[in-house]
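Residues 47 to 212 (the working numbering) make up the sequence shown, in order. See structure below.
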Amino acid sequence: MTPSSLIFPGVVVGVGVALLAWGFWAGGHPAAEGGEAAFHRRQWRRRAATALLTITLGVGLYAIQLVPPRAHPTAAAVLWMLLLFGVLALFGMAAADALASTGHLARLHNRQQAARLALEAELRRARRQLQHAPPAETEGEPPTCDDQHHGNGKHSPDTLPPPSPP
């Protein structure tokens, strides 16, 4: 076994360790409460399992080099089959995480869209009420832009004309 044959398994193990470390760092910061926190806990478990499987595959790539195929053909074939199964499982886990994240983001988008539509409907309702409301002519109300332009004499201190220079 040459040192160059340890590079790829080492990189795979390193990627798995990096994913696991990143998951611990990101998983330790709860983003929200309730359903959001539950989603992030499930996401953390999925991603931790994926990282651990990546580390296992890196170790398997190293271990397969220890079994000479000519001396132990059955053992080498079983190890290669296990590695292949592990790679397929890794792709499946990554796809499941992507689907879960996509579904979660779609639900969040739908909730946000519904809230936006409700706010827009409320805004339209409030505008209709303001358009049909009688003008307020009570003494305690602040002047409006229309009051200033119609010459009713109401001016607030910040809308007074600037003093003329001496």
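For each residue, glycine too, the CB sits at the ideal point set by N, CA and C.
Check                                                                                             : Outcome
Exposed unless 16 or more other CB atoms sit within 10 angstroms - verdict on Val-124             : exposed
Where Leu-215 sits in the DSSP three-state scheme                                                 : The structure shown does not extend to residue 215, since the chain is modelled only from 47 through 212, so no value can be given for it.
CB of Phe-85 within 8 Å of CB of His-155, strictly                                                : no
Per-residue burial, Thr-148 [other beta carbons within 10 Å of its own, 16 or more giving buried] : exposed
Close beta carbons around Leu-129, own chain, < 6 Å, minus the five adjacent residues each side   : Gly-106
Any non-hydrogen atom of the ligand SAM closer than 7 Å to Ala-122 Cβ                             : Ligands displayed in this structure: none; no statement on the ligand SAM is therefore possible.
Straight-line gap, Thr-48 to Thr-100 (C-alpha atoms, nearest Å)                                   : 22 Å
Gln-111 (DSSP reduced to helix, strand or coil)                                                   : coil
Rounded separation between His-195 and Leu-165 - CA only                                          : In this prediction, His-195 scores a pLDDT of 49, lower than 50, which makes its location untrustworthy; the coordinate-derived value is nonetheless stated afterwards. Looking at the two C-alpha atoms, the distance is approximately 32 Å.
C-beta atoms of Tyr-108 and Leu-65 nearer than 8 Å                                                : no
Reduced DSSP category for Gly-106 - H, G, I as helix; E, B as strand; rest coil                   : helix
Residue burial classification, Thr-120 (beta-carbon count within 10 angstroms, cutoff 16)         : exposed
Three-state class that DSSP yields for Gly-80 in the structure shown                              : coil
Check whether Val-133 and Gly-104 have beta carbons under 8 Å apart                               : no
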